Amino acid sequence: MSPSKKKLRTGKNTLFARVMNSKRDSAHPKCSICEKNIDKQTNADGVVYWERGHNALPINDGRCCSDCNNTFVIPARIEGAQS
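The opening position of the sequence shown corresponds to residue -15 in the numbering used here, with each subsequent residue numbered one higher.
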C-alpha cells in the first residue's frame, strides 16, 4: 500500500486517543497501581513535558506513576522477556 493510501491512526478510536481523552478531564490522574497522583515529567529546566504517567502493562491496563513503573512494571516486563 502506498504511503498516501495508508490509513492514519489519528482518530478518536485509537488506543492512544482513548487513553489520552479519558484522562483529559482529570486535574490529577491517579496511578492505577498505588492510586496516588501521577507525577509530572519535567525537563532539566523544570518545564513539564508529560503528565499522563506510564503504561502500566503488564501489571494492569491503566496508567501508573514513575515509582510504580520503576518498582513493578519494568521488572515485570524484564521477567516476561526472559521467560
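Heads up, the beta-carbon is just placed ideally off N, CA and C, and yes, glycines get one too. All figures in this text were calculated on a predicted structure; none of them were measured in a lab.
- Following the continuous alpha helix (DSSP H) through D22, name the residue where it begins and the one where it ends. Working through the sequence shown from its first residue, we reach residue 22 at position 38. Looking at the sequence provided, one finds Ile at residue 22 rather than Asp. For I22, there is no enclosing alpha helix (DSSP H), as DSSP gives it neither H nor E.
- How many angstroms separate the CA atom of I58 from the CA atom of Q66? Here residue 58 refers to the residue found at position 74 when the sequence shown is read from its first residue. Here residue 66 refers to the residue found at position 82 when the sequence shown is read from its first residue. Whole-angstrom Cα-Cα distance: 12 Å.
- Residues that V32 bridges to, as DSSP identifies them: Within the sequence shown, numbered from 1, the residue matching residue 32 stands at position 48. In the DSSP assignment, the residues bridged to V32 are T26.
- Query: Span of the alpha helix (DSSP H) holding P59?
  - Reply: The residue labelled residue 59 in the question sits at position 75 within the sequence shown. Its alpha helix (DSSP H) spans residues I58 to Q66.
- Task: State the Cα-Cα distance for the pair R61 and C48, rounded to the nearest angstrom.
- Result: For this step, residue 61 is matched to residue 77 along the sequence shown. For this step, residue 48 is matched to residue 64 along the sequence shown. Looking at the two C-alpha atoms, the distance is approximately 14 Å.
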